[in-house]
Structures are given as structure tokens and as C-alpha cells.
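My numbering puts the sequence shown at residues 76 to 152. We treat Cβ as the ideally placed atom computed from N, Cα and C, and that holds for glycine. Notes to accompany the following structure.
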Amino acid sequence: MITYKNYYDITSSSDRSRYQTIKEKNIDLMLHYVIGDEKEEKDLTQISDYATYVKKYLVSIGMSEDTINKLVAKLTN
């Protein structure tokens with residue numbers, strides 16, 4: 076959503092309707108996919124540990140544990 080803010084000046088306060096649509100169609104859809112909920116049945120606000128789901132997803136598409144750990148280190152430093 077930061078990209079939409081930076082490039083298009085769309086934020087939850089500047090354009091709530093467009094922001095919500097982008098979030099639902101892009102971010103929420105991607106999160107449902109990553110957690111294995113393609114039918115979008117789960118309440119995303121009830122997920123407390125996305126890291127575990129993301130790690131499982133990255134492993135499932137061929138990323139090694141070592142590469143994942145390096146990525147986490149780069150993103151958190």
C-alpha cells in the first residue's frame with residue numbers, strides 16, 4: 076500500500092473507497108493465497124502469525140531454508 080501512497084497518493088484517509096478496493100483486490104487476495112485459503116473463507120484479522128504461512132509458501136515454491144533466512148535477515152536489518 077506504500078507504493079499506492081507514493082505513486083498515486085492513495086491512502087486510507089485521502090481516498091478511502093479506492094484504498095479499500097486496492098487492498099481487497101490485491102493485498103487481501105494475496106494473503107488468502109499465501110495462507111492456503113483461495114476460497115477466501117478465513118478472517119484475515121484473526122491470523123496472528125503470517126510469518127509461518129509465508130515461510131511455508133516460499134518453501135513450496137522452491138526457496139531453501141537458508142535463502143529464506145538470508146532474506147529475513149536482509150529485511151529485518
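Spatial neighbours of T96 within its chain, please: C-beta separation below 8 Å, excluding the five flanking residues on both sides.
none
DSSP state of E140, grouped into three classes?
helix
Check whether the Cβ atoms of L106 and Y79 sit closer than 9 Å, and answer yes or no.
no
Rounded to the nearest angstrom, what separates I136 and Q121 at their Cα positions?
25 Å
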